[in-house]
Amino acid sequence: MRITFITGNQHQLEEAEKIFQKFGIELKHLNLGYPEIQGTLEEVAKFGAKYAADNLNKAVIVEDAGLFIKALNWFPGPYSAYVQSTIGNEGILKLMEYVEDRYAEFRSVVGYCAPNAEPEIFLGLVEGHISKEEKGNLGFAFDPIFYPHKSNKTFGELTIIEKNLISHRKRSLENFAHWYQKKARF
241 MRITFITGNQ HQLEEAEKIF QKFGIELKHL NLGYPEIQGT LEEVAKFGAK
291 YAADNLNKAV IVEDAGLFIK ALNWFPGPYS AYVQSTIGNE GILKLMEYVE
341 DRYAEFRSVV GYCAPNAEPE IFLGLVEGHI SKEEKGNLGF AFDPIFYPHK
391 SNKTFGELTI IEKNLISHRK RSLENFAHWY QKKARF
């Protein structure tokens, strides 16, 4: 089985390739780029998948993810990439400096679409909390400031193999992979 993954993020691609290996799904990577609408992760993933599938005339997946911090009214959420590129981890830690409730979630949405069809979405979520300082140089983006639930290491301290055992991306990609395997049988 093969699917085209539309992403410009090499880290997402590496994580997805490792996750899909056990499902026998081969990824073809394409950095098409697509207009990113303002909306929820689900809306962004649906729009991106539909746009890419219709423009390429083939079935594709896209993935959108974000960090959602409860004390900040679930900010940065769907604006995570922009927030990471502007204020970064240091900015988030500054916003959280005097905050007691550090609960946060990483959420991932995979959007799948075939040409001239309606998109499907697959969700993944991991609960955790925001650290008081950056820890680790593995992973990317907000990984060094996010402790997944029941872990004494941030995502930034976990290898890609360790992270793929528990991550939000693992969960959304696996949800998609299970569905895709069933779909391929028919």
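Count along the sequence shown from 1, then add 240; that gives the number in this note's numbering.
Note that the Cβ used here is the ideal one computed from N, Cα and C, for glycine as well.
Quick caveat, the model's predicted, so the values are computed rather than measured.
N- and C-terminal bounds of the beta strand (DSSP E) containing ALA299: No beta strand (DSSP E) holds ALA299; DSSP gives it neither H nor E.
GLN252 burial status per 10 Å Cβ neighbour count (16 or more: buried): buried
Spatially closest choice to ALA344 from GLY368, TYR420 and ASN329, by CA coordinates: GLY368
Bridge partners - LYS268, DSSP secondary structure assignment: THR244
HIS251 (DSSP reduced to helix, strand or coil): helix
Candidates ASN329, PHE380, LYS403 and VAL350: closest to HIS418 by CA position: VAL350
Residue environment, HIS389, which counts as buried when at least 16 other CB atoms sit within 10 Å: exposed
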